[in-house]
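Single-structure report; data block below.
Residue numbers (my numbering): 42 to 140.
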């Protein structure tokens, strides 16, 4: 019975670690999407300094593209935990009133 318990505990710990990683990834994705939308709106109003600051506060980076009267923000951020998952990405667009 002790051997089965030792194997089962390791499996439970691995599953819990993966669950925590997935939850952290989802929380980061939601936060990054919110910040990307906020940054796109700020860039549309011409407030570039605050837009870049908002994304950097999350620990991410962003690129900006303008076309067809829209300003779009593509951002990415690494996960807060070291789990084998890709970095989180988000894209948001807003009306471009600055140009």
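Glycine included, each C-beta is placed from N, C-alpha and C at the ideal position.
In the three-state DSSP reduction, residue 42 falls in the coil class, being neither helix nor strand.
In the three-state DSSP reduction, residue 116 falls in the strand class (E or B). Residue 50 and residue 43 have their C-alpha atoms some 11 Å from each other. Following the DSSP letters along the chain, one finds residue 106 in no alpha helix (DSSP H) but inside the beta strand (DSSP E) bounded by residues 102-108. Shortest Cα-Cα distance from residue 137 to any of 131, 78, 53, 117 involves 78. Residue pairing from DSSP places residue 131 in a beta bridge opposite 116.
Nearest C-alpha to residue 105 among 97, 116, 95, 99: 116. DSSP lists 111 as the bridge partner or partners of residue 136. Following the DSSP letters along the chain, one finds residue 123 in no alpha helix (DSSP H), marked with neither H nor E.
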